[in-house]
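*Asks:* What follows is a single structure, and I will ask about it in a moment.
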Amino acid sequence: MSKFQGLDAYTRRARYELLPFKFDRLEGDNYIITNMTGEYLEVAMPELHVLLAKDLATEHPLFASLRAKHFIRYADEQAPLDLLALKLRTRLSRLTGFTSLHIFVVTLRCDHSCPYCQVSRQMDGETSFDMTPDMADKALDFVFRSPNPAIKIEFQGGEPLLNFQMVRYVVKAAKRRNLDEKRDLEFVIATTLSLLTDEVLAFCYEHDIILSTSLDGPADLHNANRPRVGRDSFERFEAGLAKARNVLGVDRVSALMTTTDKSLPRVREIIDEYVRLGFNGIFLRALSPYGFAIKTRKFMTYDTERWLEFYKEGLAYILELNKAGIPFVEHYASLILKKMLTSNDPGYVDLMNPAGAGIAAIVFNYDGSVYASDESRMLAEMGDQTFRLGSILTDSYEDIILSDVLLDALEQSFTLSAPMCSDCAFEPYCGAEPVFHHAIFRDVLGRKAESSFCKRNMSIFKHLIGLMKSDVSTRHLFMQWANAC
Amino acid sequence: MAGLAELIFDSQLYGAEAIQKAAYRAMHAFTLDLKVDGDNILCKLIGNITTEHAAFERAVEEFRKDVLDYQLRAQLQAETAPIRNLIIGLAFSNARLNPSE
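Have a look at this one:
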């Protein structure tokens, strides 16, 4: 007689229980199911109905995956609950840190006059649009009230290098304060590089400052998108990039692109330009409905469908490059994949719930106004002060952070209680985006059925899932993107 | 008007909330007039001015699927609500939100 019991002895007789999950249709009769922490499985409609009726056989190929990903459990099992709680806590842990990104708009002056610019630029000799030392000091008081152990100060404009003395002032003052505060302090300058000098670079090197710049594609496209006197935006960018990398290091300069109607037929060329210039990735962004983009009607020059075609063509080309041995990342996809394939939240403000406005990032404008996000101040420049939280000159930290303007926006846009979003299987990957929806619908919640934000993101979520299903090597590549530091 | 459709759901099988949620999801294509008549829920789907006929037909088909989906979601949510609350409780009980703890 065997000393071991047969396999039958280990087969559970009890029926399984359902754990909380959501489902949505993908293509045809296929559904995606997601649990509370964003883990997902794809199931066919008949399987979903059997699963919900708790009639799925233990031998069914899905059964083990459903248990492993915490969609079902046996009633006496505690581990699935503990693991879900742990993953949920991990996912939300960023919230306890509170505001990390602090944007200083040191000037509205700019040497470019881009028609899609999200900020209302001013002439480059007009110093009344500069931040003053008094404002900067008060903004720094505010910055160090944040409990976050990691503080990022990003200088924006206009062109921040046109008020570089203020950049110097803030960096030095922040570092002095940090001798006592001992935060993980990081500085970024968002610049076109057109006014980059050796003096600026020496300061950046000394203070370990990162440069975040803009590249819209090949020279003709970049120059058409970014006009400046001399029509030499690209040439200045390329020369500045080489100089900056030489002094600061290749990984200390990143670039963002903006998609205009001129970009749409040229996604491969745009990506090729990023590859040629030695970037390891690109962020294929849609045009935002703020600032000059609306005033000049640039925002209306292409629709979501067309942008999605552009995005998907670009992503397909990036996958081709990777398969040909050229490592290259699409950053928006990698942010979403981190949410899909790990328990971490990348902290990207547009895809946060509660919204990242104010509590993940906050903006100090050149005039002392405090805004809930970069997009909020762009709206303000167009005359809509909805998301102006107060002034650093007259209001306290508590006045601003606990203001009804901020709390109402966060509460009313919260996706877990929003119509459509609260039932949506893609909700764990998505965000609240109250400022975008206010800009379009004059309502922080917005009507998601008519929202281009919803349409764009749902389409990308489904597309990424489809790509992972269709090709194992793509899935492996996406796993790398999701888990990259 | 681009389209008009009338549907009847049995109130023993479908909740008005499931129908309302499905209609909300379809508001880009049509609006809904809802009436309860005894055991029946009467739905009049009125196409938006901008909705072309073929798009309206597709939206009505999607709506019928969505009603079933939302009904199933409601049942799933009701069944799993206690466990969901337990998991959230477990998650936040160890969050150390108060630094003095």
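Residue numbers (this note's numbering), protein chains in the order written: chain A, -18 to 466; chain B, 500 to 600.
Cβ coordinates follow ideal geometry from the N, Cα and C atoms, glycine included.
Name the residue from Q461(A), E162(A), P141(A), F52(A) whose alpha carbon lies nearest to the alpha carbon of T323(A).
*Replies:* Translated into positions along the first sequence, residue 323(A) becomes position 342. Here the closest residue by C-alpha is Q461(A).
*Asks:* Would the region 338 to 348 of chain A count as touching the region 380 to 390 of chain A if we require 3 or more Cβ pairs under 8 Å?
*Replies:* Touching, yes, given that three or more Cβ pairs across the two stretches are closer than 8 Å.
*Asks:* Would you tell me roughly how many angstroms separate the C-alpha atoms of S440(A) and G306(A), rounded to the nearest one?
*Replies:* Indexing the first sequence from 1 puts residue 440(A) at position 459. Indexing the first sequence from 1 puts residue 306(A) at position 325. In a straight line, the C-alpha of S440(A) is about 28 Å away from that of G306(A).
*Asks:* Do E311(A) and G262(A) have their C-beta atoms closer together than 8 Å?
*Replies:* Your numbering for residue 311(A) matches position 330 in the first sequence. Your numbering for residue 262(A) matches position 281 in the first sequence. Yes, they are a contact pair.
*Asks:* Against chain A, does D521(B) count as a neighbour if the rule is that its beta carbon must be under 8 Å from one of theirs?
*Replies:* Position 22 of the second sequence, counted from the first residue, corresponds to residue 521(B). In the sequence on display, residue 521(B) carries Ala and not Asp. False, the Cβ-Cβ gap to chain A never drops below 8 Å.
*Asks:* Quick check: the Cα distance between D538(B) and C402(A), rounded to an integer number of angstroms?
*Replies:* Residue numbering aside, residue 538(B) sits at position 39 when the second sequence is read from its first letter. Residue numbering aside, residue 402(A) sits at position 421 when the first sequence is read from its first letter. Rounded to the nearest angstrom, the two C-alpha atoms are 30 Å apart.
*Asks:* Contact between the region 542 to 560 of chain B and the region -1 to 15 of chain A is defined here as three or more beta-carbon pairs at a separation below 8 Å; is this criterion met?
*Replies:* Touching, no.
*Asks:* By alpha-carbon positions, which one of I582(B), A504(B), L585(B) ends up nearest to L541(B)?
*Replies:* In the second sequence, counting from the first residue as 1, residue 541(B) sits at position 42. Ranking the options by Cα distance to L541(B), first place goes to A504(B).
*Asks:* Work out the CA separation of Y12(A) and R456(A) for me, nearest whole Å.
*Replies:* Counting from 1 along the first sequence, the entry for residue 456(A) is found at position 475. Counting from 1 along the first sequence, the entry for residue 12(A) is found at position 31. Each residue's alpha carbon lies about 19 Å from the other.
*Asks:* Do you know offhand how far L142(A)'s Cα is from T172(A)'s?
*Replies:* Here residue 142(A) refers to the residue found at position 161 when the first sequence is read from its first residue. Here residue 172(A) refers to the residue found at position 191 when the first sequence is read from its first residue. Answer to the nearest angstrom: the Cα atoms are 7 Å apart.
*Asks:* Can you tell me whether K163(A) is buried or exposed, with buried defined as 16 or more other CB within 10 angstroms of its CB?
*Replies:* Numbered from 1 along the first sequence, position 182 holds the residue referred to as residue 163(A). Exposed, by the Cβ-count rule.
*Asks:* Might you give, ordered along the chain, the residues of its own chain that have their beta carbon closer than 8 Å to the beta carbon of H418(A), omitting 5 neighbours on each side?
*Replies:* Translated into the one-based positions of the first sequence, residue 418(A) becomes position 437. Result list for H418(A): S394, D424, V425, L426, G427, S432, F434, in chain order.
*Asks:* So C542(B) is in the beta strand (DSSP E); what residue range does that whole segment cover?
*Replies:* Your numbering for residue 542(B) matches position 43 in the second sequence. Segment 539 to 546, the beta strand (DSSP E) holding C542(B).
*Asks:* Taking the alpha carbon of L237(A) as the reference point, which residue from V210(A), G221(A), L196(A), K224(A) has its own alpha carbon closest?
*Replies:* Within the first sequence, numbered from 1, the residue matching residue 237(A) stands at position 256. With distances taken between Cα atoms, L237(A) lies closest to L196(A).
*Asks:* Using a threshold of 8 Å, state whether the C-beta atoms of L445(A) and L289(A) are closer than that.
*Replies:* What you label residue 445(A) is simply residue 464 of the first sequence in a count that begins at 1. What you label residue 289(A) is simply residue 308 of the first sequence in a count that begins at 1. Result no, Cβ atoms of L445(A) and L289(A) do not sit closer than 8 Å.
*Asks:* With 7 Å as the limit, tell me which residues of the region 368 to 401 of chain A have their beta carbon closer than that to any beta carbon of chain B; keep them in chain order.
*Replies:* Correct list: P400, M401.
*Asks:* Note down, in chain order, all residues in the region 412 to 437 of chain A with a beta-carbon under 7 Å from any beta-carbon belonging to chain B.
*Replies:* Within the region 412 to 437 of chain A, the qualifying residues are R428, A430, E431.
*Asks:* If I measure Cβ to Cβ from R212(A) and keep anything under 8 Å in the same chain, skipping five residues before and after, which residues do I get?
*Replies:* Walking along the first sequence from the start, residue 212(A) turns up at place 231. So the list reads N204, once near-sequence residues are dropped.
*Asks:* Determine the chain A residues that contact Y513(B) at a beta-carbon separation under 7 Å, and present them in chain order.
*Replies:* Residue 513(B) sits at position 14 when you count from the first residue of the second sequence. Those within 7 Å of Y513(B) in chain A number zero; the least Cβ separation is about 15 Å.
*Asks:* Counting only beta-carbon separations shorter than 8 Å, does A558(B) have a partner in chain E?
*Replies:* Going by chain labels, chain E is absent from the structure shown, which instead holds the protein chains A and B.
*Asks:* Where does N129(A) fall in DSSP's three states?
*Replies:* Residue 129(A) sits at position 148 when you count from the first residue of the first sequence. N129(A): coil per DSSP, three-state reduction.
*Asks:* Can you grab the Cα-Cα spacing for the pair I84(A) / A590(B), in whole Å?
*Replies:* Taking the first residue of the first sequence as 1, we reach residue 84(A) at position 103. Taking the first residue of the second sequence as 1, we reach residue 590(B) at position 91. About 32 Å.
*Asks:* Could you tell me if Q146(A) is buried or exposed, where buried requires 16 or more neighbouring beta carbons within 10 angstroms of its beta carbon?
*Replies:* Translated into the one-based positions of the first sequence, residue 146(A) becomes position 165. Exposed, since its Cβ has fewer than 16 Cβ neighbours within 10 Å.
*Asks:* Quick one: is E578(B) near chain A, going by C-beta distance under 8 Å?
*Replies:* Sequence index remark: in the second sequence, residue 578(B) carries index 79 (1-based). Taking Cβ atoms only, chain A reaches closer than 8 Å to E578(B), which makes this a yes.
*Asks:* Taking the beta strand (DSSP E) that T15(A) falls in, what are its first and last residues?
*Replies:* Along the first sequence, one-based indexing puts residue 15(A) at 34. Segment 11 to 16, the beta strand (DSSP E) holding T15(A).
*Asks:* Which residues in the same chain have their Cβ closer than 8 Å to the Cβ of E250(A), if we skip the five residues on either side of it in sequence?
*Replies:* By one-based count along the first sequence, residue 250(A) stands at place 269. G198, P199, L202.
*Asks:* Run the CB neighbour count on Q137(A), radius 10 Å, all protein chains shown included, and call it buried at 16 or more, exposed below.
*Replies:* To locate residue 137(A), count along the first sequence from 1; it is residue 156. By the 10 Å Cβ count, Q137(A) comes out buried.
*Asks:* I'd like to check one pair, F562(B) with A517(B): are the Cβ atoms closer than 8 Å?
*Replies:* Position 18 of the second sequence, counted from the start, is the residue given in the question as residue 517(B). Position 63 of the second sequence, counted from the start, is the residue given in the question as residue 562(B). No, the pair does not count as a contact, with Cβ atoms beyond the cut-off.
*Asks:* Straight-line CA distance for R126(A) to S81(A)?
*Replies:* The sequence position of residue 126(A) within the first sequence is 145, counting from 1. The sequence position of residue 81(A) within the first sequence is 100, counting from 1. Roughly 11 Å separates the two Cα atoms.
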